[in-house]
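*Asks:* Chains as they are written, first to last, in my numbering: chain A, 4 to 215; chain B, 4 to 215; chain C, 4 to 215; chain D, 4 to 215. Note that CB positions come from ideal geometry on N, CA and C, so glycine has one too. Quick caveat, the model's predicted, so the values are computed rather than measured. Below is one structure. I have some questions about it.
Number of protein chains: 4
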Amino acid sequence: MVNHEAPEGGVAAAKERIRDAALRVFAERGFDGARVDEIAKRAGVNKALIYYYYESKEKLLDAIFQGSVEEVLAELGPELHDTRIFEDEAAAVAIMERLLDFLEQRQDLLRIFLMESMKRSPVNDRIFILIAALLDRLFSLVDSQIARPEDMERARVMEFFTGLIPLFSYVVHHEIWMKAFGMDEARLRADFVRSFIDAHFTATEMLYKTNK
Amino acid sequence: MVNHEAPEGGVAAAKERIRDAALRVFAERGFDGARVDEIAKRAGVNKALIYYYYESKEKLLDAIFQGSVEEVLAELGPELHDTRIFEDEAAAVAIMERLLDFLEQRQDLLRIFLMESMKRSPVNDRIFILIAALLDRLFSLVDSQIARPEDMERARVMEFFTGLIPLFSYVVHHEIWMKAFGMDEARLRADFVRSFIDAHFTATEMLYKTNK
Amino acid sequence: MVNHEAPEGGVAAAKERIRDAALRVFAERGFDGARVDEIAKRAGVNKALIYYYYESKEKLLDAIFQGSVEEVLAELGPELHDTRIFEDEAAAVAIMERLLDFLEQRQDLLRIFLMESMKRSPVNDRIFILIAALLDRLFSLVDSQIARPEDMERARVMEFFTGLIPLFSYVVHHEIWMKAFGMDEARLRADFVRSFIDAHFTATEMLYKTNK
Amino acid sequence: MVNHEAPEGGVAAAKERIRDAALRVFAERGFDGARVDEIAKRAGVNKALIYYYYESKEKLLDAIFQGSVEEVLAELGPELHDTRIFEDEAAAVAIMERLLDFLEQRQDLLRIFLMESMKRSPVNDRIFILIAALLDRLFSLVDSQIARPEDMERARVMEFFTGLIPLFSYVVHHEIWMKAFGMDEARLRADFVRSFIDAHFTATEMLYKTNK
DNA sequence: TATGAATGAGTGTTCATTCAT
DNA sequence: TATGAATGAACACTCATTCAT
């Protein structure tokens, strides 16, 4: 066993370094564009060690998803359904800021998730089964705020397509947007938050109020 | 041995068959996951012929983008800014239905575009230069409806992140959503259209009214 | 297509050169010890071409077996059951000489067959299914000379274990024997032929006579 | 963590467990097809321990051969030259039964020996030097029964190719034969013993009588 | 235009072996 | 003695691309 008392200077255990390197490389190149050699090089380990810990490139992807997507959704749930978002805009903005900070730190994961989710089935089925289970858990929070059963499904659809998706897209696209349109980050984020509140929060408020 | 005397009706010219096959394969597997062999097989042509018409796999991707993304945005612009969407909901729904039909027919293109756009730069820069130019054209329509210069950028941000992105996401994700949550298409689409109108159209209406 | 009119100087079509090289390398190193790189080098082709013609190392082994084992058994059958072997020793010796010449030209194939047949099942099952079918055909000749059903199985057992196997073993082991005991080929072969006639031919003659 | 206080009965010492596991794995897959990982797993030890006791995979093979082949030949010699085999068939059958029982218990060793002996030289030379020495010792028994020097070599050839080889082949092939032709073990063995006696014993009897 | 054959440079994976403890 | 971690060198196989016809 190496590193009995983990040296502070960023020398994490090899297994984690591999996971982290893979996360970055997958995010940059996509799963199929990623090279195991590059992951090894960035993790500072021998390529064979990757196969010692994770049995294949695909299993490595799964390992990345397993823990992290769950963690993201766990954070997203309460945050998105904090009822203070409907009370005053200052509160809504504060919550959005926290949420975006949190998600931006996981942007690599979101990139991978989104890229993989867009491959046409059946190539894609394996990964979406995993995702569906997680969304189900996220939606239990949505469901609890909906009284009329006929609105349940619409609430889910809305939370996903006008909530999660723009949020994820912002996190994934904001850098390139800044580059393409020459906007600074603060301004772009402010515009996005404002737009998101006006669009998604307004719409969900209507829906949830009807269901009180 | 292939069709010496190519029947003029139904059997497309080889060059187009290649483009079509590539579009499908890229959409299923992503650019890096796609195999030139499979494109050739689906197009019913010899692999070398692909290199005769398009000089590389990458150029083939470019060829797919060139005409089509432009065409999609050309349609999207007027449609999205048809002012009748603010008048009555029936009109808004009708316009949305037409738009979704149109986009669903181009879903393969959207998949490829979205997947590629999510790779982290700088891998990604080449494709986004193309996109930025196109968005610029699309936004000229947005800009024309905005009087106050300080709202211009926000209008663009809104149209992209709460407009285009959910729309594209619906087109790309609706099949897997149906499979994952057991919803039928009509119901899912109705829920999405309603959600989109409540969120995006409501928000843009506010913004555009302020700028009248 | 290369080599329209096959140049006389040993430049066979690539596919055959691969097969021949594989035969030699498998015989020298065994299937698992053989390296595809070496096969390519000896065949004078690019490694990828091997996979163009044969889809895997295993399929290449199968391809080698398919044609050749059949051919060997086709020759062995009539030869072994030529009734002249019982008439006078000169005839028996002549037949044995021809047979050994024939088999020695196929010694690589025999080596591979024997090596693979000795792996313990179930690793081994795939190859023996092939072999069993071929032996069945060989044994139809044996069966035809046996009148009493209760002797049928013994005839097969005898033909295999005291006939085929010593024959194959001689072909496969004679070189190393010469080296180990310093015998010259003519002498060794004469001794073997004499021994084989005394043992196997004598025993089968008894059995077949009883069944007249 | 493994057996700190090794129970003296039943749990063999690690070194022996490794040797036994290697014997089985080599017999199943051949030397080149065998994996050190699998040997370690079957022996229930850490892979590195194999290198502690035996310094390489090849040395492990040598270790297996060293004691055992010698032991087999030591048993074979007297057994095969027990003169009672010529007296009455009942005695011959009894001796054969004992011999086959003995060899079947060493069938893994025989498989490995035979497989390795069939690789074409020079890959193969190392192992045959070992074998030649052992055969030499075995043949000293043969030689002692031969008076005429010109028959000495033929006796050796006969003992090997029509004696040892069918015997070994039976041990190694009988399982797959049963499977392929649906014979039960007792019947197959009886047929083989009978055939072997008729072929090999008959032939050697002739030879040895001439040399009395 | 079209193809079957051929290839260089990888690509994910395996494996015998070694190291630190 | 014994182990979990680590590695260099291969390994079978793939793939975009080119060539000869």
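I'd like the ranges of any beta strand (DSSP E) spanning at least 3 consecutive residues and lying wholly in the segment 57 to 128 of chain C.
*Replies:* none
*Asks:* Pick helix, strand or coil for M186(B), following the three-state DSSP scheme.
*Replies:* Start at 1 with the first residue of the second sequence, and residue 186(B) comes out as number 183. Correct three-state label for M186(B): coil.
*Asks:* Determine the burial state of A206(C): buried for a count of at least 16 other Cβ atoms within 10 Å of its Cβ, exposed for fewer.
*Replies:* Taking the third sequence and counting its residues from 1, the one referred to as residue 206(C) is at position 203. So A206(C) counts as buried.
*Asks:* Using a Cβ-Cβ cutoff of less than 7 Å, which residues in the same chain neighbour K50(C) once the five nearest sequence positions on both sides are dropped?
*Replies:* Position 47 of the third sequence holds residue 50(C). Result list for K50(C): V39, D40, A43, in chain order.
*Asks:* Measuring straight from C-alpha to C-alpha, what distance separates R114(D) and K62(B)?
*Replies:* Counted from its first residue, the fourth sequence places residue 114(D) at position 111. Counted from its first residue, the second sequence places residue 62(B) at position 59. C-alpha separation (whole angstroms): 57 Å.
*Asks:* Consider the Cβ of N49(A): report whether some Cβ of chain B lies at a distance smaller than 8 Å.
*Replies:* Start at 1 with the first residue of the first sequence, and residue 49(A) comes out as number 46. It does not; no Cβ of chain B falls within 8 Å.
*Asks:* Answer yes if the segment 136 to 145 of chain C comes into contact with the segment 18 to 34 of chain D, meaning at least three C-beta pairs across the two stretches below 8 Å, and no otherwise.
*Replies:* Too few Cβ pairs lie closer than 8 Å, so no.
*Asks:* Between the alpha carbons of L112(D) and F184(D), how many angstroms are there, rounded?
*Replies:* Numbered from 1 along the fourth sequence, position 109 holds the residue referred to as residue 112(D). Numbered from 1 along the fourth sequence, position 181 holds the residue referred to as residue 184(D). Approximately 25 Å, taken between the alpha carbons.
*Asks:* With distances taken from CA atoms, which of F204(B), V160(B), I134(B) is nearest E90(B)?
*Replies:* Position 87 of the second sequence holds residue 90(B). Closest option to E90(B), Cα to Cα, is F204(B).
*Asks:* Which chain A residues are close to N127(B), counting only those with a beta carbon under 9 Å from its beta carbon?
*Replies:* Against the second sequence, residue 127(B) aligns to sequence position 124. Result: E31, I179.
*Asks:* With C-beta atoms as the reference, is Y54(B) less than 8 Å away from I21(B)?
*Replies:* Taking the first residue of the second sequence as position 1, residue 54(B) is located at position 51. Taking the first residue of the second sequence as position 1, residue 21(B) is located at position 18. No, they are not a contact pair.
*Asks:* Taking a cut of 8 Å between CB atoms, which residues from the segment 103 to 122 of chain D lie near chain C?
*Replies:* Within the segment 103 to 122 of chain D, the residues whose Cβ lies closer than 8 Å to some Cβ of chain C are D111, R114, L117, M118, S120, M121, K122, listed in chain order.
*Asks:* Does DSSP put G166(C) in a helix, a strand or coil?
*Replies:* On the third sequence, residue 166(C) is found 163 positions in, with the first residue counted as 1. In this structure, G166(C) counts as helix in the three-state DSSP scheme.
*Asks:* Are the C-beta of S71(C) and some C-beta of chain D separated by less than 8 Å?
*Replies:* Taking the first residue of the third sequence as position 1, residue 71(C) is located at position 68. Chain D contact via Cβ: absent.
*Asks:* Of the residues A46(D), V75(D), I168(D), which one's Cα is nearest the Cα of K18(D)?
*Replies:* By 1-based counting over the fourth sequence, the position of residue 18(D) is 15. Of the listed residues, the one whose Cα sits closest to K18(D) is A46(D).
*Asks:* Does chain A have any CB closer than 8 Å to the CB of G13(B)?
*Replies:* As a working note, residue 13(B) is residue 10 in the second sequence. Note that G13(B) scores a pLDDT of 43, beneath 50, so its modelled location is shaky and nothing firm can be said.
*Asks:* So, for A202(A): in the same chain, excluding its five sequence neighbours on each side, which residues have a beta-carbon less than 7 Å away from its beta-carbon?
*Replies:* Along the first sequence, one-based indexing puts residue 202(A) at 199. Sequence-distant partners of A202(A) (beyond 5 residues in either direction) whose C-beta falls short of 7 Å from its own C-beta, in its chain, are T165.
*Asks:* Can you tell me which of the three DSSP states I179(A) falls into?
*Replies:* For the purposes of this step, residue 179(A) is taken as the residue at position 176 of the first sequence. I179(A) falls in the helix class under three-state DSSP.
*Asks:* Decide if the segment 183 to 198 of chain B is in contact with the segment 187 to 202 of chain A; the criterion is three or more beta carbon pairs, one per stretch, under 8 Å apart.
*Replies:* Verdict: no, contact absent.
*Asks:* Quick one: give me the first and last residue of the alpha helix (DSSP H) that R159(A) is part of.
*Replies:* For the purposes of this step, residue 159(A) is taken as the residue at position 156 of the first sequence. Start and end: 152 to 161.
*Asks:* So E156(A) contacts chain B; which residues on that side make the cut at Cβ distance below 9 Å?
*Replies:* Looking up residue 156(A) in the first sequence gives position 153. Ordered by position in chain B, the residues that pass the 9 Å Cβ test against E156(A) are F184, M186, R190, L191, D194.
*Asks:* F131(A) touches chain B at which residues, Cβ-Cβ below 7 Å?
*Replies:* Here residue 131(A) is taken as the residue at index 128 of the first sequence, counted from 1. Within chain B, the residues near F131(A) are I179, A183.
*Asks:* Would S198(A) pass as an interface residue toward chain B - the criterion being a Cβ-Cβ separation below 8 Å?
*Replies:* As a position in the first sequence, residue 198(A) is number 195, starting the count at 1. Chain B contact via Cβ: present.
*Asks:* Does the distance from the CB of M181(C) to the CB of V175(D) come in under 8 Å?
*Replies:* As a position in the third sequence, residue 181(C) is number 178, starting the count at 1. As a position in the fourth sequence, residue 175(D) is number 172, starting the count at 1. No, the pair does not count as a contact, with Cβ atoms beyond the cut-off.
*Asks:* Quick one: residues in its chain with C-beta nearer than 7 Å to the C-beta of D85(D), no 5 flanking neighbours on either side, listed in chain order?
*Replies:* If you number the fourth sequence from 1, residue 85(D) lands on position 82. Answer for D85(D): I98, listed in chain order.
*Asks:* So, for L102(D): in the same chain, excluding its five sequence neighbours on each side, which residues have a beta-carbon less than 6 Å away from its beta-carbon?
*Replies:* Residue numbering aside, residue 102(D) sits at position 99 when the fourth sequence is read from its first letter. Result list for L102(D): E82, in chain order.
*Asks:* Just checking my contact of F171(C) with L117(C) at CB under 8 Å: how many whole Å lie between their CB atoms?
*Replies:* Along the third sequence, one-based indexing puts residue 171(C) at 168. Along the third sequence, one-based indexing puts residue 117(C) at 114. Rounded, the Cβ-Cβ distance is 6 Å, consistent with contact.
*Asks:* Quick check: what's the CA-CA separation for I88(A) versus K60(A)?
*Replies:* Working through the first sequence from its first residue, we reach residue 88(A) at position 85. Working through the first sequence from its first residue, we reach residue 60(A) at position 57. So the alpha carbons of these two residues sit roughly 41 Å apart.
*Asks:* Which residues in chain A sit within 9 Å of M209(B), going by Cβ to Cβ distance?
*Replies:* Within the second sequence, numbered from 1, the residue matching residue 209(B) stands at position 206. Those are D201, T205, listed as they occur along chain A.
*Asks:* Let me make sure I understand the geometry here. Which of E119(C), S143(C), L144(C) has the alpha-carbon closest to that of I132(C)?
*Replies:* Taking the third sequence and counting its residues from 1, one reaches residue 132(C) at position 129. Considering only alpha carbons, the answer is E119(C).
*Asks:* How about R159(A) and F142(A): do their beta carbons lie closer than 8 Å?
*Replies:* By one-based count along the first sequence, residue 159(A) stands at place 156. By one-based count along the first sequence, residue 142(A) stands at place 139. Cβ atoms of R159(A) and F142(A): closer than 8 Å.
*Asks:* Looking only at its own chain, which residues have a Cβ that is under 8 Å from the Cβ of Q148(D), when we skip the five neighbours before and after it?
*Replies:* Position 145 of the fourth sequence, counted from the first residue, corresponds to residue 148(D). These residues qualify, in order along the chain: H84, A158, Y211, N214.
*Asks:* Show which residues of chain D have a CB atom less than 7 Å away from the CB atom of S172(C).
*Replies:* Position 169 of the third sequence, counted from the first residue, corresponds to residue 172(C). Taking a Cβ-Cβ threshold of 7 Å, the residues of chain D close to S172(C) are F164, I168, in chain order.
*Asks:* Give the secondary structure of R22(B) by DSSP, where H, G and I count as helix, E and B as strand, and everything else as coil.
*Replies:* Position 19 of the second sequence, counting from 1, holds the residue named residue 22(B). Of the three classes helix, strand and coil, the one that applies to R22(B) here is helix, per DSSP.
*Asks:* Within the same chain, show all residues whose beta-carbon is closer than 6 Å to that of G80(A), passing over the 5 residues directly before and after it, in chain order.
*Replies:* Translated into positions along the first sequence, residue 80(A) becomes position 77. Same-chain partners within the cutoff: L141, L144.
*Asks:* Can you name, in chain order, every residue of its own chain whose Cβ lies under 7 Å from the Cβ of A66(A), other than the five neighbours on each side?
*Replies:* Here residue 66(A) is taken as the residue at index 63 of the first sequence, counted from 1. Closer than 7 Å at the Cβ level, and outside the excluded window around A66(A), lie R22, Y57.
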